């Protein structure tokens, strides 16, 4: 254990208190899910990836990474295969909202005034907004009006130039990237021992009608659980994504939190 750790939970409380009480240390909170990610990857991909982006960003801006949310909102068939898939274990929306509201209020009580929610599970999005809204409202009742919360999903920082580079044969859209090139490439770069490309299923992108039906029709989800093929995923693509997304996250947090740019150190002649 070291007071220099980027992970808040690894600190002793006096070290954490010293970092957070002044309100100038950003807290980065990863939000993920337990969700199947095909036959070739584990079910905590949506926890591992936002946690790593949070760590990399925190180390560059002097922030701390909070313990991640390891369960998320229910998997949507068109973006995660569906909540009917074996292994996927999800929260009701009200549960996620209540948990996030409580955690945000706790960090504010500790003294944090800059919090970034790093989302790794698409379906969490609207419930994140509700949790923030309720937390800010209740904090105002307690006289705390200066908490600033940034919400981001790491894939939104992948620009069109990078998309063209990673998907030379065409890009089907982020909703169909569940278990596809993006997540598989990142996992190959970060946790190659957890990826088994020999089990990856190569198939055309899933197709869905322009409406939803409930209960879902399981036959509309590819049997693999992925919504597009991970065949073209590589470690090199993962390294590109790591750099592009981390740089984008850091730039966004410097802008929104008013953080100073790093000072270049001139080498001695």
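Residue numbers (the numbering used here): 2 to 270.
A virtual CB, placed ideally from N, CA and C, is assigned to each residue, including glycine.
In this text, all values refer to a predicted model and were calculated from it rather than measured experimentally.
Rounded C-beta distance between residue 217 and residue 85? I'm assuming under 8 Å.
6 Å
What separation, rounded to the nearest whole angstrom, lies between the Cα atoms of residue 187 and residue 49?
10 Å
For residue 221, which of 206, 26, 14 and 230 has the nearest alpha-carbon?
206
My guess is that residue 24 and residue 112 are in contact by the Cβ rule of under 8 Å, so how many angstroms apart are they, rounded?
6 Å
Given this structure, state the Cα-to-Cα distance separating residue 266 from residue 61, to the nearest angstrom.
Because the pLDDT of residue 266 is 48, which lies under 50, any placement of that residue in the model is unreliable, and the question is left without a value.
Is the beta carbon of residue 41 less than 9 Å from the beta carbon of residue 33?
no
Pick from 225, 15, 154 and 147: whose alpha carbon is nearest that of residue 37?
225
Residue 118 lies in the beta strand (DSSP E); which residues open and close that run?
115–120
Does the Cβ of residue 197 have 16 or more other Cβ atoms within 10 Å, making it buried, or fewer, making it exposed?
exposed
So, are the CB atoms of residue 31 and residue 52 less than 9 Å apart?
yes
Using DSSP's beta-bridge definition, name the partner residues of residue 74.
In the DSSP assignment, the residues bridged to residue 74 are 92.
Quick check: what's the CA-CA separation for residue 65 versus residue 9?
Between residue 65 and residue 9, the C-alpha separation is close to 6 Å.
Would you report the Cα separation of residue 35 and residue 257, rounded to the nearest angstrom?
30 Å
Please name the residue, chosen from 233, 260 and 219, that lies closest to residue 87 on a Cα-to-Cα basis.
The candidate whose alpha carbon is nearest that of residue 87 is 219.
If you pair each beta-carbon of the segment 153–166 with each one of the segment 233–253, do three or more pairs fall below 8 Å?
yes
For residue 253 and residue 115, I'd like the C-alpha separation in whole angstroms.
Rounded to whole angstroms, residue 253 to residue 115 spans 13 Å at the Cα level.
Based on Cα-Cα distance, which residue from 228, 238 and 233 lies nearest to residue 39?
228
Which two residues bound the contiguous alpha helix (DSSP H) that contains residue 251?
236–258
Please report the distance separating the alpha-carbon of residue 26 from that of residue 179.
Roughly 33 Å between the two C-alpha positions.
Which residue marks the beginning of the alpha helix (DSSP H) containing residue 137, and which one marks its end?
126–142
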